[in-house]
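Start counting the sequence shown at 86; every next residue gets the next number (my numbering).
Every residue gets a Cβ at the ideal spot worked out from N, C-alpha and C, and that includes glycine.
This report refers to the structure that appears directly beneath it.
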Amino acid sequence: MGNLDVARRLIDDVRAAGAHEFCVCAGSRNSPLLAVLGEQSLGHAVTQSRGESTTATPRDRATEQLRLYSFVDERSAAFFALGRVKLHGHPVAVVTTSGTAVAEMLPAAIEAYYSGIPLILISADRPARFRGTGAPQSIEQLGLFGVYAETSLDAWTRTKPLHLNVEFDEPLLDGPLIRPSGTFSPQAGRRATNDERVELPLAPPGGERVAEGRVRGRPLVIIGGLAAKHRPLVLERVRHAAFYAEPLSGLREHSTITAGERMIARGDFDGVIRIGNVPTLRYWRDLESLDLPVEHYSDLPFTGLTRGALHPIEALPAIHSDASFPGDAGLRARFEQILDDEPRSELAMIRSLSRELAPHTRVYLGNSLPIREWDLAAERKPFEYEANRGANGIDGQLSTFFGWCDPNRDNVCVIGDLTAIYDLGAPWIVPQLGHKRVRIVVINNGGGRIFGRVASLQSLDGSLRERIIENAHDVRFDHWAAMWNIDVTELRPDAGASQRVWERYDELWI
Ligand SMILES: Cc1ncc(C[n+]2csc(CCOP(=O)(O)OP(=O)(O)O)c2C)c(N)n1
86 MGNLDVARRL IDDVRAAGAH EFCVCAGSRN SPLLAVLGEQ SLGHAVTQSR GESTTATPRD
146 RATEQLRLYS FVDERSAAFF ALGRVKLHGH PVAVVTTSGT AVAEMLPAAI EAYYSGIPLI
206 LISADRPARF RGTGAPQSIE QLGLFGVYAE TSLDAWTRTK PLHLNVEFDE PLLDGPLIRP
266 SGTFSPQAGR RATNDERVEL PLAPPGGERV AEGRVRGRPL VIIGGLAAKH RPLVLERVRH
326 AAFYAEPLSG LREHSTITAG ERMIARGDFD GVIRIGNVPT LRYWRDLESL DLPVEHYSDL
386 PFTGLTRGAL HPIEALPAIH SDASFPGDAG LRARFEQILD DEPRSELAMI RSLSRELAPH
446 TRVYLGNSLP IREWDLAAER KPFEYEANRG ANGIDGQLST FFGWCDPNRD NVCVIGDLTA
506 IYDLGAPWIV PQLGHKRVRI VVINNGGGRI FGRVASLQSL DGSLRERIIE NAHDVRFDHW
566 AAMWNIDVTE LRPDAGASQR VWERYDELWI
């Protein structure tokens, strides 16, 4: 079988598995795949083979149009693909050439793994005889993703990424295939219907749950990221309990605890029930060392803590709890007053932004201060939220956001300055989105100011911390916005005002 035949079989099988979008990253080794994707997107053969002239060969793929996005940077492509899956739920494929290009997909694969997202990573490889020789652009691609990706299309669970590595020998566009594949079997592709839709988050594989007793008494309920389909059920089951609903739960405006996560430590409760994905709250990390029983209801197979029984969300019972959080409303009012007094502070600027945005705006929250500060300060409106909280990286945030943008809605990305700097090439894809309902808000506080809030780093010399941990800088984003012709708002909070707000906020809890 020639390279192009193998490429056709692979692409057909991947499309049959429900992927209709391919993020392609150019190279010569993957040119058979790119040529096939090109011909399928145009509906006819684009290569001349064995002296024949090019003939139109329309394909019967009426149910779903093939969509190609083309990228320069594979890391960005993979995060964009992740964002696309978050948008529509279908698997999305990324296609790379051989060498370090493959490794660029690892961060997104890790994020997808911890978020239960069906990313398909297709890498072209040189034939197996080059392995271990150090020949140009030959690296050890098989198994590169380790535990973070499955490697058989036939047995793919769709609860984590899939890596397909396919070898192509020279001549790339019409030669015979020396060795069909390391991990892809052209004969045995799984055939799914074209309109098979994957609901997120995906059910974890069986056997990973722990059956233990239930938390009883006066539990606090913390609600992390939730799929939209679970929200009505969860809201109904927590009606008689005090609960902290994070933005990604989609239930934040119903939260009964409103004064911020510091309120939790003030509360009277004797256990914790966590619903949804692993929470963002700092308190969640503290909980590790607290002597409290914990129980989890999540469709992802992670406890996010070293203890506690894990149950599916459908098993969530109605929770009756008289846990109490005295003084919450009064403390919230005092906090709002502090923000009123300091409109140039970071938290007040975030609150203003949330006031300015229309209800139901899609808001992507960057790690790590933006997502926390938004939770603390933003108005409680029904926004639609997204974030990468699988592995909490600051990488690929803009790319994920662009993938997640809905052409029919307003989409806003709120990120820190270093997070933006990490993904400066991401707007490459914007002209291919076909819409401009994309706005980026960079909270430019001149470095990684989250580290100024980390207690363990307070003992470091201040200027040393600024230089090597916070990476303090004077970078502005106007030329970057002009370079890509994108809508960027740069918020530049006053450092003194922000500091005063934090001091007064801290005093609320003394
Ligand atoms: C890929 C990756 N590298 C490093 C980190 C550690 N980290 C967490 S927050 C942060 C700084 C973020 O700075 P910025 O984007 O400016 O946001 P802010 O200071 O407002 O939190 C870093 C380096 C990470 N989470 N992910």
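Contact with chain C by residue i, beta-carbon distance below 8 Å
i	result
Ala313	Of the chains in the structure shown, none is chain C; there is only one protein chain.
Segment limits, alpha helix (DSSP H) that includes residue i
i	result
Phe487	482-489
Thr181	Premise fails: Thr181 lies in the beta strand (DSSP E), 177-181, not in any alpha helix (DSSP H).
Ile308	Where Ile308 is concerned, there is no enclosing alpha helix (DSSP H), although the beta strand (DSSP E) it sits in stretches over 304-308.
Phe420	413-426
Phe164	159-173
Leu438	431-441
Leu95	88-101
Leu593	No alpha helix (DSSP H) contains Leu593, which DSSP labels as neither H nor E.
Glu458	454-462
Spatially closest choice to residue i from the options, by CA coordinates
i	options	result
Ala102	His175, Ala162, His396	His175
Ala166	Asp158, Ser155, Val179	Val179
Ser183	Asp591, Arg152, Asp254, Gly335	Asp254
Ile307	Leu127, Val363, His315	Val363
Ile195	Asn493, Tyr449, Ile479	Ile479
Asn570	Gly547, Gly537, Val523	Val523
Tyr154	Ala511, Thr218, Leu593, Tyr199	Ala511
Glu331	Glu471, Leu238, Leu442	Glu471
Cys110	Ala400, Val157, Gln150	Val157
Ala209	Val187, Lys245, Asp353, Arg216	Val187
Thr181	Glu235, Arg243, Asn250	Asn250
Arg322	Glu399, Asp353, Gly393	Glu399
Thr243	Arg211, Glu159, Ser200, Leu258	Per the sequence presented here, residue 243 reads as Arg, with Thr not at that position. Of Arg211, Glu159, Ser200, Leu258, the residue nearest in Cα terms is Ser200.
Phe594	Glu252, Gly412, Ser374, Gly335	It is worth fixing the name first, because residue 594 is Trp in this sequence and not Phe. Residue Gly412 is the option with its Cα nearest to Trp594.
Ile207	Ala213, Gly393, Glu235, Phe215	Glu235
Phe465	Arg436, Arg534, Thr218	Note that residue 465 is Arg in the sequence shown, not Phe. Closest by alpha carbon: Arg436.
Glu431	Phe354, Ile535, Arg561	Ile535
Gly352	Ala326, Gly168, Ala566	Ala326
Ile358	Lys521, His339, Glu555, Pro397	Pro397
Arg211	Pro256, Ala240, Asp239, Val177	Pro256
Val527	Ile514, Leu95, Asp572	Asp572
Range of the contiguous beta strand (DSSP E) that encloses residue i
i	result
Gly356	356-360
Ser155	152-156
Glu469	469-471
Glu575	572-576
Glu106	106-110
Val448	447-450
Inter-residue Cα distance where the pair is residue i and residue j
i	j	result
Val379	Leu416	27 Å
Arg585	Asp425	12 Å
Arg370	Leu305	15 Å
Leu229	Ala92	21 Å
Thr341	Tyr329	6 Å
Gln222	Asp495	42 Å
Ile500	Tyr233	26 Å
Leu576	Met434	7 Å
Arg303	Ala312	26 Å
Glu592	Pro444	32 Å
Ser406	Gly356	10 Å
Gln543	Asp502	22 Å
Ala350	Tyr590	15 Å
Ala120	Gly581	57 Å
His558	Ile360	39 Å
Phe420	Ala344	8 Å
Gln150	Asp97	13 Å
Arg59	Ser583	The displayed coordinates of the chain run from 86 to 595. Any statement about residue 59 would go beyond what the structure contains.
Pro516	Asp491	14 Å
Asp563	Thr574	9 Å
Leu450	Gly393	28 Å
Pro203	Leu385	13 Å
Phe107	Leu122	8 Å
Val319	His381	13 Å
Thr446	Gly533	27 Å
Gly519	Arg152	12 Å
Arg347	Leu401	26 Å
Leu438	Ala463	8 Å
Thr117	Asn452	It should be pointed out that residue 117 corresponds to Pro in this sequence rather than to Thr. So the alpha carbons of these two residues sit roughly 38 Å apart.
Cβ-heavy atom distance, residue i to ligand 3, below 7 Å
i	result
Ala312	Judged by which ligands are present, ligand 3 is missing from the structure shown, whose ligands are ligand 1.
*Taking 5 Å as the limit, tell me which residues put their C-beta closer than that to any heavy atom of ligand 1, in chain order.*
Result: Ser453, Leu454, Gly478, Ile479, Asp480, Gly501, Asp502, Leu503, Thr504, Gly533, Arg534, Ile535.
*Length-filtered (4 minimum) alpha helix (DSSP H) runs lying within the segment 480-553*: 482-489, 502-507, 515-518
*Report the residue ranges of all alpha helix (DSSP H) runs contained in full by the segment 185-259; include only those spanning at least 4 residues, in chain order.*
185-188, 191-200
*Pick out the complete beta strand (DSSP E) segments inside the segment 312-400, 3 residues or longer, and give them in chain order.*
328-330, 356-360, 379-382, 394-396
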